[in-house]
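Read the structure below first, then the notes.
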Amino acid sequence: MSDGRDLSHLPPLRDVIATHELAAKKAFGQHFLLDLNVTRRIVREAGDFTGVNIVEVGPGPGGLTRALVESPAASITAVERDPRFAVALADIVAASAGRMRLIEADALTVDPVDLVPAPRAVVSNLPYNVGTPLLIGWLKRIGEYRSLTLMFQKEVADRIVAGTRTPAYGRLAVMAQWLAHCRNLYDLPARAFTPPPKVDSAVVQLTPRERPADDPDFATMEALVAAAFGQRRKMLRASLKSLMKEPEPLLLSVGIPPTARAEEIDVAGFVALAKAWKAK
Ligand code: SAM
1 MSDGRDLSHL PPLRDVIATH ELAAKKAFGQ HFLLDLNVTR RIVREAGDFT
51 GVNIVEVGPG PGGLTRALVE SPAASITAVE RDPRFAVALA DIVAASAGRM
101 RLIEADALTV DPVDLVPAPR AVVSNLPYNV GTPLLIGWLK RIGEYRSLTL
151 MFQKEVADRI VAGTRTPAYG RLAVMAQWLA HCRNLYDLPA RAFTPPPKVD
201 SAVVQLTPRE RPADDPDFAT MEALVAAAFG QRRKMLRASL KSLMKEPEPL
251 LLSVGIPPTA RAEEIDVAGF VALAKAWKAK
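Per UniProt numbering, the very first residue in the sequence shown carries number 1; after that it's consecutive.
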């Protein structure tokens with residue numbers, strides 16, 4: 001019996017798109033990867049998915065989905081908002097020996113943790129208009145995942161992996177790097193997509209960090225980092241006034257000069273500050 005991993009009989013993705021007249025819709029951020037060598041590479045570089053339950057957001061015509069179904073993953077649950085793709089994806093579902101299912105929904109309204117049991121991972125070529133809010137939502141429960149392997153616009157990927165004292169370092173870098181090891185797996189030029197977007201893309205992988213028992217909670221860190229970077233050119237003694245009356249003693253208590261700016265503070269610095277603030 002087939003293990004549902006041989007998809008060699010499926011037609012090329014370009015034919016699937018032509019047959020079902022699946023013109024890309026801008027409003028849904030549709031830029032497709034039609035080269036299976038590229039999608040297989042994404043899955044290969046994402047690591048070993050043996051026995052893992054994958055959630056894929058936005059399968060579209062199914063290029064990345066095919067590579068996932070070919071992998072050793074236990075199951076693939078694809079969440080797609082645009083109902084036009086159901087017919088194109090039905091062939092993959094049929095070939096998958098029950099390992100793949102399609103859920104027609106807005107990914108912002110479903111939590112992958114509720115969709116599939118652990119061990120679980122998210123793999124997605126994200127729609128650019130909802131990529132960041134989806135990531136923030138998944139980060140809140142990052143401990144529930146083996147990994148998140150996500151394609152973003154390069155500019156967003158840079159903001160996830162950025163180091164201190166760089167223009168890209170900000171809220172997203174601190175929150176993501178606080179909760180996860182973040183690495184840029186590789187960059188993809190705009191021409192790899194059909195239709196090509198205006199900018200290049202990059203695949204980022206996030207894997208959960210161990211969290212100490214006294215780690216601050218998400219809302220505390222989020223509020224602190226938002227205030228600090230809300231006025232990134234201001235010194236922290238001024239920018240944190242939106243949160244507290246007197247930021248100076250708090251900053252000094254954790255060894256941060258009150259004249260420092262947010263972009264100079266590393267993740268450990270923000271964690272120390274959040275803990276001291278909550279202990280007040
Ligand atoms: N995975 C396909 C690929 O790599 O060729 C398509 C990627 S395309 C960048 C993004 C996909 O996400 C589209 O199929 C789009 O319809 C879908 N999408 C957009 N917004 C969505 C949402 N809120 N929830 C679920 N899917 C969404």
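Think of the CB as a built atom: it goes at the ideal place given N, C-alpha and C, for glycine as much as any other residue.
What is the DSSP secondary structure of P208, counted as helix, strand or coil? strand
Tell me which residue opens and which closes the alpha helix (DSSP H) that M244 is part of. Careful: M244 lies outside any alpha helix (DSSP H) and carries neither H nor E.
Outcome for R165 when other beta-carbon atoms lying within 10 angstroms are tallied against a minimum of 16: exposed
Taking all protein chains shown into account, do 16 or more other C-beta atoms lie within 10 angstroms of the C-beta of E21, making it buried, or fewer, making it exposed? exposed
At which residues does the beta strand (DSSP E) containing Q153 begin and terminate? S147 to Q153
Return the bridge partner residues of D187 from the DSSP annotation. A202
Just to confirm before moving on: does the CB-CB distance between A107 and V79 stay below 8 Å? yes
By DSSP's criteria, N125 is part of a beta bridge. Which residues make up the other side? M151
Classify I256 as helix, strand or coil using the three-state DSSP reduction. coil
Look at the Cβ atom of S96, then the Cβ atom of Q153, and state whether they are nearer than 8 Å. no
Can you tell which of M151, V87, N53 and L115 has the C-alpha that lies nearest to the C-alpha of A18? V87
I'd like the ranges of any beta strand (DSSP E) spanning at least 3 consecutive residues and lying wholly in the stretch 21 to 101. 53 to 57 and 75 to 80
Whole-angstrom distance between S239 and Q231, CA atom to CA atom: 6 Å
For T132 and chain B, any beta-carbon pair shorter than 8 Å? No chain B is present in this structure, which holds just one protein chain.
In the structure shown, what three-state DSSP assignment does R5 receive? coil
Distance between D15 and P61 (C-alpha atoms, nearest Å): 10 Å
Between the Cα of K25 and those of D82, R171, R237 and L179, spot the shortest distance and give me the residue it belongs to. D82
How is I103 classed by DSSP in three states: helix, strand or coil? strand
Say the cut is 7 Å; is the CB of Q177 nearer than that to a heavy atom of the ligand SAM? no
Can I76 and R40 be called in contact, C-beta distance under 8 Å? no
Compute every distance between the C-beta of F85 and the non-hydrogen atoms of the ligand SAM, then say whether any falls below 7 Å. yes
On the DSSP letters alone, give me the boundaries of the alpha helix (DSSP H) that M221 sits inside. F218 to G230
Is the distance from the Cβ of G137 to the Cβ of V156 below 8 Å? no
Is A213 helix, strand or coil when you go by DSSP? coil
Cβ-heavy atom distance, N53 to the ligand SAM, below 7 Å: no
Count the other CB atoms within 10 Å of the CB of G269; is the residue buried (16 or more) or exposed (fewer)? buried
Taking the alpha carbon of A223 as the reference point, which residue from T259, P117, P72 and S242 has its own alpha carbon closest? S242
If you compare alpha carbons, which of W178, D217, D48 and A27 is closest to I265? W178
At least 3 beta-carbon pairs within less than 8 Å: the stretch 208 to 228 vs the stretch 44 to 60: no
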